[in-house]
Every structure is written in structure tokens, then in C-alpha cells.
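Down below is the structure, laid out as C-alpha cells.
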Amino acid sequence: MSTLFFAHANGFPGKSYSPFFKALQQHGHTIDYIEAIGLNPAFPVTNNWPHLVEELEQEITSKHQAPVVGIGHSLGGLLSYLLAQKRPELFSHLIILDPPAINGWQNIIWWLS
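Under the working numbering, the first residue of the sequence shown is numbered 42, with each subsequent residue one higher.
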């Protein structure tokens, strides 16, 4: 089975998803996750979250040699998506749950930044 790498939503530490992880493990999946996005001072929270994408990248590359199935909830989904654009070889698949939407003129600024 695949290794699933989970990136959590803003304000929800990785362990808060334990019941979800247990259900996936019962189906034979290996679960890994980032415990707390945005708390490491080496990866400060800034506009458009480039450092948080780097934090997720470091977490995955330091633990896994083969591509993982990326699963991200909300902010974790958006960060996973941005990392997949930057480093597609890190993921075999990407599952994004309830990502934040950036609409209207803000969307144009987002993609130009």
C-alpha cells in the first residue's frame, strides 16, 4: 500500500486527525503527517505562505525517498497543491479536502505573486 502524507488545516494539529488516520491504517495504508504547520520560526508565516510550502517540502523530503500520496485539509490542501506545482515528483497522487478558495481580483494577484 501507499504512504499517505497528511497536511492539516489551520488551527488543527496533526494528531487531531487520529481517528481518520486509524481508519486509513485499517485499510493497510501507512500514515505520516506534519504535526504543526507554521509554528517553526525557520518557516515564518508570510503572504501567500511560501515558507510554509518549504516547511512541508522539508518534512516530506526528510522522511520519504519515494513519492507519497499527499492529502491536505484546508490550508494543508492548498500548501500540498502549491508544493505539487513546485515539486511534482514528491507525489504519486494528491487529495485535497476543503481547500480555501481565492476568488475575484484576489485570485489574479495570488497567481501573479
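Think of the CB as a built atom: it goes at the ideal place given N, C-alpha and C, for glycine as much as any other residue.
- Annotation for I137: the continuous beta strand (DSSP E) segment containing it runs 132-138.
- K127 and L93 have their C-alpha atoms roughly 13 Å apart.
- Taking 3 residues as the minimum length, the beta strand (DSSP E) runs contained wholly in the segment 97-134 are 109-114, in order along the chain.
- Scanning Q106, A77, P85 for the CA closest to the CA of G113 turns up A77.
- Secondary structure at A48: strand, using DSSP grouped into helix, strand and coil.
- Relative to the Cα of P140, the nearest Cα in the group G118, H49, S57 belongs to G118.
- Distance from the CA atom of L97 to the CA atom of K63, rounded to whole angstroms, is 22 Å.
- 9 Å or more divides the Cβ of A50 from the Cβ of S121.
- Setting aside the 5 residues that flank it on each side, K104 is surrounded in the same chain by D73, each with a C-beta closer than 7 Å to its C-beta; the list follows chain order.
- It is roughly 18 Å from the alpha-carbon of Y58 to the alpha-carbon of L135.
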